[in-house]
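Undergrad:
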Amino acid sequence: MNDNTSLIKIITKDFDIPEQLSESQLKQALVDAFSYLVDDDFPKLIQILYKADVDQYKLKEQLENTEGLSSAEVIANAYIERQKAKVETWKKYSNK
């Protein structure tokens with residue numbers, strides 16, 4: 033299973049997205065989802081970020097200091113980064 037497939041498999045636990053997406057399509061789908069959550073379902077947004085173990089302090093700093101991106105894009109980037117870290121950890125320990 034390649035890294036993108038593993039990443040999508042993790043993300044589909046939180047979001048209803050197709051399993052055959054390129055990384056750019058995945059990012060756009062998440063930006064759209066996070067945009068909706070920021071505007072319309074903030075408690076669910078918090079729940080998803082907590083469940084994914086996205087560092088709230090790092091995210092807050094990124095939201096305050098990133099220019100040229102929407103909040104949804106910053107959140108999506110942080111979420112993807114955290115999920116990729118999980119995939120790397122799983123790969124590291126599953127090969128032993």
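First residue of the sequence shown? That's 33 in the numbering used here, and the numbers climb one at a time after it. Glycine included, every Cβ here is placed at the ideal spot set by N, Cα and C.
(1) Nearest chain D C-beta to N97 closer than 8 Å, yes or no?
(2) Is T98 helix, strand or coil when you go by DSSP?
(3) In three-state terms, what does DSSP make of F66?
(4) DSSP three-state call for I49: helix, strand or coil?
(5) Cβ of A61 within 8 Å of Cβ of L53?
TA: Here's the rundown:
(1) Protein chains in the displayed structure number just one, and chain D is not present.
(2) Note: T98 maps to coil in three-state DSSP.
(3) In the structure shown, F66 falls within a helical segment according to DSSP collapsed to helix, strand and coil.
(4) I49: coil per DSSP, three-state reduction.
(5) Going by C-beta atoms, A61 is nearer than 8 Å to L53.
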